Amino acid sequence: MKATVRLSSQFRQPLIKFLGKRKLPSAPDVPHPHPQAPPEFQKTFGHQSTNASGSSVAASKDDRTPQVAVYSQFWEAPSKYRVHGLEKVEIDSIMSGGASTA
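Shown next, in the form of structure tokens:
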């Protein structure tokens, strides 16, 4: 009994140790190869990353994106997307709790 009271009266220390206050980096991260990457990849990494950020890639990406129709009101959408009313059979099935097989 006394051991339980003594243990419960002690201050509980959390097992997690936090490193400090969160800080957002002030400068963007510079791309660099992984330290364990093969040497031939480390040599050509800068050349590959500069070629990948060209404007021609962005232009071709825009050509492939399909045009998506945006409807500001629900009645402007096609009828297949509109909410339809429930039929009598569906209402009976819901009211029976789904137990009916008909």
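Under the UniProt record's numbering, residues 1 to 102 are what the sequence shown spells out, in order. A virtual CB, placed ideally from N, CA and C, is assigned to each residue, including glycine. Please read these numbers as outputs of a predicted model, since none were measured by experiment.
Close-in-space but distant-in-sequence residues of the same chain around residue i (CB under 6 Å, 5 per side omitted)
{"i": "Tyr71", "result": "Ala77"}
{"i": "His84", "result": "none"}
{"i": "Thr4", "result": "none"}
{"i": "Phe45", "result": "Pro33"}
Close beta carbons around residue i, own chain, < 7 Å, minus the five adjacent residues each side
{"i": "Gln13", "result": "none"}
Residue i burial status per 10 Å Cβ neighbour count (16 or more: buried)
{"i": "Ser56", "result": "Residue confidence for Ser56 is low, a pLDDT of 49 falling below 50, so the modelled location carries little weight; the figure read from the coordinates is stated next. It is exposed - the Cβ of Ser56 has fewer than 16 other Cβ atoms within 10 Å."}
From the options, residue whose alpha carbon lies closest to that of residue i
{"i": "Pro31", "options": "Phe18, His47 and Phe74", "result": "His47"}
{"i": "Tyr81", "options": "Val89, Ala69 and Glu87", "result": "Ala69"}
Beta-carbon proximity list for residue i, same chain, < 8 Å, skipping 5 on both sides
{"i": "Lys88", "result": "none"}
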